[in-house]
Amino acid sequence: MIQDEVESQLSAMFDGELPVTECELLSRRIDRDEILRARWSRYALIGAAMRSEPVASARSGFARRVSIALRGGEVSARAKRGRKMIFNAAMSASLVAAVAGISISMLRYTASGSGAAGAAHSRLADSNVVPASVTGAAPAAASMRATTAGAGREGALLAGAVSADASMAAARHGGNSEPVSYVTPASAANVNTALRTELADFIVAHSEYSTPLMRRNLLSALITNEDGADSPVAGAAMAAAPARAAAGAVHATIAASGSSR
Amino acid sequence: MVADASDLSLVRRVQRGERGAYDLLVLKYQHKVVKLVMRYLRNPADAEDVAQEAFVKAYRALPQFRGDSAFYTWLYRIAINTAKNALAARERNPVSYEVDLQGNDDSTDMVSRLKDPETPEGLALTEEIRDTVNHAIGELPEDLRTAIVLRELEGMSYEEIAASMDCPVGTVRSRIFRAREAIDRRLREVFDGGLGRTEELV
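The listed protein sequences derive, respectively, from chains A and B. According to our numbering, the first sequence is numbered sequentially starting from 3. According to our numbering, the second sequence is numbered sequentially starting from 41.
In structure tokens:
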């Protein structure tokens, strides 16, 4: 009896003669009830057969094909959106990486250019003193050499270029009580090189476009450099530039020759 | 408009994201749309493809449907435009059937046969459905037959049928439902019949 009422409602709904509220409820029921759905389809078929409409589509699964096409369209649209997002992200990342790379290269190139220009001046200065801010293996090695060889004034002077404490200790250890009267300022070219490189690293590290990994690497490099500058021993351990080591060796040799004289 | 209440209800459900409701609209209007498209494209297979495209387009445009007109009127326009576009595309890129035209009088028939995907089995099934329905209608009592014919062939509303048959609207609703049930039962008898062909009807 209830089923009859539902089917009567279905017939009325098919004709658009059921109140909207009842349509809403019944259409939800049809979604769950395959029998009602099949009956709905056959009502359409009966009307089409009466009007001599093509009924062949009913047997060829027309509605199913439309449903599949709609589902496929939704899936492909979602996939398309996903692909577009990935593409945009990849493009942005590569653009940022390219800009960052070019910026670093340009800054480093500029820094090395000015370093080369001041190379002669630097060499001239290096013949007397070790630049204080270059740090690293050279001053540490010089200091050690001066200490062990009982170096004289030149050795103390070399060590003193690293830091006041180191030079004082070296002078005292060398038995020469003459205090160090002055410290030659470091080569401006080398200072600039180091500063510019660090500045570039700092800018990239704090840039909003830098990736977390790149930022971390640069920050750790920066911190390492700062540590090296603060502590001559640590600087010696962390020194990576062979040029600096070579410079240190040259100065140490000078110190040694000075002491032997 | 009362006649579109159920369509509008289904449309609102689709607009809320319930795609299942659209299946009911497709099931309801598929025959009408295919017939409409066949006025432009004679080939039944092409007509079905274009009708399918029209339904897909209508679904995508449904969020913009405000219900100012009946759903079928709106769908009808989409179907007509899709059919016209398909026809124009076909004229721009005509399909060439490589048929030997060396004075063979049967060549035209051959082309039409190539174009027509309707298999003999399909045609036989269509004919069988029509015969069954017409036979079932012929067997209906007079009041049921009149009610279903006025509804399906004349497209009259229940109110108009009630006025025409001089009976309450509820009676019209009941008569139409009983007429459909009788025809449907006959269809299931023929297509079930131990051969399990009922699924061919849906």
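From the three backbone atoms N, C-alpha and C, an ideal C-beta is built for every residue, glycine too.
Any Cβ of chain A closer than 7 Å to the Cβ of residue 92 (chain B) would place that residue at the interface, and such an atom is present. Rounded to whole angstroms, the Cβ separation of residue 12 (chain A) and residue 42 (chain A) is 6 Å, and the two are in contact under 8 Å. In this structure, the beta-carbon distance from residue 192 (chain B) to residue 52 (chain A) falls below 7 Å. The alpha-carbon of residue 170 (chain B) is positioned some 19 Å away from that of residue 78 (chain B). Nearest Cα to residue 112 (chain A) within the set A:32, A:200 and A:89: A:200. Not a single CB atom of chain B sits nearer than 7 Å to the CB of residue 35 (chain A). Residue 227 (chain B) reaches chain A at 44, 47 and 48, counting residues in chain order whose Cβ is nearer than 8 Å. Contacts between residue 14 (chain A) and chain B, judged by CB atoms closer than 9 Å, involve 46, 198, 213, 216 and 217 in chain order. Beta-carbon to beta-carbon, residue 50 (chain B) and residue 64 (chain B) are separated by about 6 Å, close enough to satisfy the 8 Å threshold.
Residue contact with chain A for residue 77 (chain B): absent (no Cβ-Cβ distance below 7 Å to any residue of chain A).
Between residue 61 (chain B) and residue 29 (chain A), the gap from beta carbon to beta carbon is short of 7 Å.
For residue 45 (chain B), the enclosing alpha helix (DSSP H) covers residues 45 to 55. Annotated as distal: residue 9 (chain A) and residue 198 (chain B), with beta-carbon spacing of 7 Å or more. Using beta-carbon distances, residue 218 (chain A) does not count as an interface residue toward chain B, since no partner is under 7 Å. Note on geometry: alpha-carbon atoms of residue 172 (chain B) and residue 45 (chain A) lie some 14 Å from one another. Judged by DSSP in its simplified three-state form, residue 21 (chain A) adopts coil rather than helix or strand.
When DSSP assignments are scanned along the stretch 193 to 235 of chain B, no uninterrupted stretch of beta strand (DSSP E) that is 3 or more residues long falls wholly within it.
Using a Cβ distance threshold of 7 Å, residue 95 (chain B) and residue 66 (chain B) count as a contacting pair. A residue is called buried once 16 or more other Cβ atoms fall within 10 Å of its Cβ, and residue 98 (chain B) is buried on that count.
Nearest to residue 113 (chain B) by C-alpha distance, out of B:73, B:92, B:131 and B:88, is B:73.
Neighbours of residue 96 (chain B) in chain A, taken as residues at a C-beta separation under 7 Å, are given in chain order as 68, 71, 72 and 75. From the beta-carbon of residue 232 (chain B), no residue of chain A is found nearer than 7 Å; the closest lies around 12 Å away. Taking the C-beta atoms as reference points, residue 106 (chain A) is found nearer than 7 Å to residue 202 (chain A). Judged by their CB atoms, residue 99 (chain A) and residue 206 (chain A) are not nearer to each other than the 7 Å cut-off.
Going by beta carbons, residue 203 (chain B) and residue 212 (chain B) fall outside the 7 Å limit. Listed along the chain, the chain A residues whose CB falls inside 7 Å of the CB of residue 178 (chain B) amount to none; the nearest CB is some 12 Å away. Contact with chain B is absent for residue 103 (chain A), since none of that chain's Cβ atoms lies less than 7 Å from the residue's Cβ. A direct Cα-Cα distance of roughly 37 Å separates residue 215 (chain B) from residue 101 (chain B). Sixteen is the threshold: when 16 or more other Cβ atoms of the shown chains lie within 10 Å of the Cβ of residue 49 (chain A), as they do, the residue is buried.
Residue state for residue 64 (chain A) is assigned as helix, using DSSP reduced to three classes.
Nearest to residue 219 (chain B) by C-alpha distance, out of B:178, B:232, B:205 and B:209, is B:178.
Contact between residue 91 (chain B) and residue 70 (chain B) is confirmed by a C-beta separation of about 7 Å, below the 8 Å threshold. Residue contact check for residue 204 (chain A) against chain B: no CB pair falls below 7 Å. Distance check between residue 167 (chain B) and each of B:231, B:46 and B:120 places B:231 closest, using alpha-carbon atoms only.
Looking at the backbone, the Cα of residue 222 (chain B) and that of residue 105 (chain B) are separated by about 36 Å.
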